[in-house]
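Quick note, the sequences are listed as chains A and B, same order. So in the numbering used here, the last one in the first sequence is 337, and the numbering has no gaps at all. So in the numbering used here, the last one in the second sequence is 677, and the numbering has no gaps at all. Just so you know, even glycine gets a beta-carbon here, dropped at the ideal spot from N, CA and C. Owing to the predicted nature of the structure, the values given are computational and were not obtained by experimental measurement.
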Amino acid sequence: MEFQGILNYLVGFAIMAVIYSIFTLGLNVHWGYTGLFNIGVAGFFALGAYTSALLTTATPDPLKFEDYIFGGNLPALLGVFNLGIDLWFLVALLGAGAVCGLMALIIGSVTIRLRGDYLAIVTLGIAESVRYIFLNEKWLANGSKGLYRIPKYLGDWVSPQHYDYLFLVVVLIVLVVIYVAVERTIKSPWGRVLKAIREDELTAAASGKNVFSFKLQSFMLGAFIMGIGGALYAHNIRFIDPRTFDPLLATFIIWAMLMVGGSGNNKGAILGAFTVWGIWAGTQFLPGFLSDPNFRFIMVGLLIVVVILLRPGGILGEERKISASAAPPNKVAPPDA
Amino acid sequence: MAGMRKTSLRLPFHWTAGYSVLLGLVVVLILAFTSVIKLELVVNGLFLGTIIGLGAIGLSLVYGIHGFAHIAHGDFMTLGAYTSLFTLGVFLPRIGLDNVGLGPFTFGYPLFIALPLSMLFLVALAIGLDKGIYSRLRRRGVSSVVMAMTSLGVAIALRGLVQFVWGGGTEQYPRVSKDFYQLPMGVRIPPDNLFIVALTVIMVVALYLFLTRTRTGKAMRATSDNAELARVTGINTEHVLWWTWAISAALAATAGVLLAVFQAQLFPIMGWRFLIPLFAAVILGGIGNPWGALIGALIIGVSSEVSTQWLNPAYKTVISFAIMIVMLLLRPRGIFGVRD
């Protein structure tokens, strides 16, 4: 019985770590490979989660004092086209990704041309604005009461007490698909241009690359991945409200994960997500002030600073691979974060 | 991109820009006196704007001279406000100084002890952080984005610290309620706000004299214009960088304390929430231009207050953000931005 309890806890832990890995992969596309300083991960997180939730929750019921006006009710709408494997889930994930990608297109085309650190301020503003809007526009997503009828994916396949195992497999499959996709994209010529832009924008532009367009595409790709992460989160917890997307657990910790694991390395991004989430979740069992959430808050910030100071490459650091066909490069000094 | 940074602490405004700001002010005043918009909102916006201004001037100086977006600036304000809370609420009462309600104000003379202490603390913190963290990164020659990233880490840690020590709830300075001044046209002014404006004016004048009359101030302006050239001329740029930290940290501490007085409460996220208006003001005024930042702050303050006449007050931050976006689209160098 005791063992069962621990196992269930670990499965729940692993699901969250996998979802965070997806965010970290998205952030890695932004920061690790392109050098886009996005501190508004929470904005895309929220947008993805709300999109997926609104697409799939049932039509609002006035008798339950639900104020929002639109619930896509996809599971019922698709009906027989669910093919017994709940195809609506795929539609919801892609929808969430697409909305985030579209948002990134809009913000990016306005701001990506500007100095690097403007993007940070703008993404921060987007994240805050998204939260304020979901909080105050009750018609949009039920305001502070949140959405709580988010359906389970494949909920009728297994009994509720074993559901987490199934969902873990689902998120793992999504993670693997995204990981492989990002790895392939980054190793392609397209990915090499991104790295060139990160290292030296002027040189990339002088080589005839449209820096603006590449950065915008990278921004959209990362946002798309974050949207999918948000959707998975919504279907895992099956309750979201604006408080879910507090900057600490929706932006800062993801930055800490990427920095710790190693920005510019997808394996590092996943390793970082598991490490930092392990520390975050594990420290709550420690005695005294060590388990104080505010103390852990301090640690998240210090972690970022310490990694930048002492080990800018993170645990794994970036693979110094130039091209699959090129000769192995000489030893190169580690890059500055 | 780094070479594109063209900032200026030069004082004369761009003429057309100066006129357009004046014109905007006149339009707002006409609208206010013809009761299209409530005059009280405009007045409140100006008060809010002075507080944003104190923060934004420091932020703009750091941005111009250190060359990176100092994301921990809001949390500097928070920490300044909370250190004064400690002095006013715990330290001074213990030695018998617990006066409140000085003259027409809600606070007492202990605030005049607490405020300098907060400023000193923040200055020490900023210089400590520079010695421990930022100067090492400078020597390594990291990009401005990595510097900003580091300051994000600092911001998180500082807010965590405030929450760890004081908890996540709202707090208040020791205060007594006071009557507002009733002016014509339904304008009500809390007496504290006059103090806020007076203190801001004193600090801005002091900063102006410092930047124009002292050697260090002139060195700061030179470094802001062109750091490389300043170094070659024999200016100790490390010194200049410390002075910049000291000034902007002191201003941030003041802004934090005044914000706590203005809204009559403190909470750990108050500074972080202020970050968007701060950056909006800096960008409006042109990065590295402290006077521009002050004007930008007044514009942001007034427009976000006036917006509450039609919009949900929760959207004040969204309004400042929207102004910032429009500005970035139309004139990324700010209202008073100089051409290269």
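By the neighbour-count definition (other C-beta atoms within 10 Å, threshold 16), arginine 477 of chain B is an exposed residue. In the DSSP assignment, valine 524 of chain B falls within the unbroken beta strand (DSSP E) covering 524 to 526.
Around the beta carbon of histidine 235 of chain A, 16 or more other beta carbons lie within 10 angstroms, which makes this residue buried. In the pairwise beta carbon analysis, the stretch 87 to 98 of chain A is classified as touching the stretch 47 to 59 of chain A: at least three pairs are separated by under 8 Å. Against proline 669 of chain B, the close residues of chain A are Leu114, in the order they occur along the chain (beta-carbon pairs closer than 7 Å). With respect to the 8 Å criterion, leucine 362 of chain B and glycine 638 of chain B are not classified as neighbours on the basis of their beta carbons. A Cβ-Cβ contact shorter than 8 Å links asparagine 265 of chain A with leucine 316 of chain A. As the crow flies, the alpha-carbon of phenylalanine 449 of chain B is around 34 Å from that of valine 358 of chain B. The DSSP assignment places 518 to 520, 524 to 526 as complete runs of the beta strand (DSSP E) inside the stretch 498 to 543 of chain B, in order along the chain (cut-off: 3 residues). At a cut-off of 8 Å between C-beta atoms, isoleucine 279 of chain A does not count as an interface residue with respect to chain B.
Taking a beta-carbon distance threshold of 8 Å, glutamine 500 of chain B counts as an interface residue toward chain A. Just measuring C-alpha positions, the residue of B:Val541, B:Gln509, B:Met456, B:Phe444 sitting nearest tryptophan 628 of chain B is B:Val541. Considered as a whole, the stretch 355 to 407 of chain B harbours 376 to 402 as its complete alpha helix (DSSP H) runs of no fewer than 4 residues, in chain order. None of the residues of the stretch 222 to 240 of chain A has a beta carbon lying less than 8 Å from any beta carbon of chain B. Alanine 651 of chain B counts as exposed, since fewer than 16 other beta carbons sit within 10 angstroms of its beta carbon.
Distances from the CA of alanine 76 of chain A to each of A:Tyr68, A:Lys64, A:Phe89, A:Phe65 were compared; the closest alpha carbon is that of A:Phe89.
One alpha carbon belongs to serine 480 of chain B, the other to threonine 185 of chain A, and they sit about 26 Å apart. As computed with DSSP, leucine 147 of chain A is found in a beta bridge with A:Ile240. Around the Cβ of lysine 468 of chain B, a 10 Å sphere holds fewer than 16 other Cβ atoms; the residue is exposed. At a cut-off of 8 Å, the C-beta of tryptophan 139 of chain A has no neighbouring C-beta in chain B.
Closer than 8 Å to the CB of tyrosine 652 of chain B there is at least one CB belonging to chain A. Residues of the stretch 147 to 172 of chain A that bring their beta carbon within less than 7 Å of a beta carbon in chain B are absent altogether. Rounded to whole angstroms, the Cβ separation of methionine 226 of chain A and phenylalanine 45 of chain A is 6 Å, and the two are in contact under 8 Å. Not flagged as an interface residue toward chain A: leucine 391 of chain B, since no C-beta distance is shorter than 8 Å. Taking glutamate 201 of chain A as the centre and dropping the five residues before and after it, the same chain places the C-beta of Val211 closer than 8 Å to its C-beta, in chain order. Cα atoms of lysine 195 of chain A and leucine 27 of chain A: separation of roughly 14 Å, rounded to the nearest angstrom. Taking a Cβ-Cβ threshold of 8 Å, the residues of chain A close to asparagine 649 of chain B are Asn136, in chain order. A:Val174 is the residue among A:Val193, A:Tyr9, A:Val174, A:Leu7 whose C-alpha sits nearest the C-alpha of alanine 231 of chain A. For leucine 603 of chain B, the pairing in a beta bridge is given by DSSP as B:Glu508. One thing to note: valine 577 of chain B has its Cβ within 8 Å of the Cβ of alanine 556 of chain B.
In terms of Cα proximity to leucine 105 of chain A, the closest of A:Lys215, A:Gly208, A:Leu249 is A:Lys215. Annotation for glycine 43 of chain A: the continuous alpha helix (DSSP H) segment containing it runs 41 to 56.
If you check the CB distance, valine 598 of chain B and aspartate 516 of chain B do not come in under 8 Å.
Cβ atoms of isoleucine 19 of chain A and glycine 229 of chain A come within 8 Å of each other, at about 6 Å.
When DSSP states are grouped into helix, strand and coil, tyrosine 33 of chain A belongs to the helix group. Phenylalanine 274 of chain A: member of the alpha helix (DSSP H) spanning 266 to 282, first to last residue.
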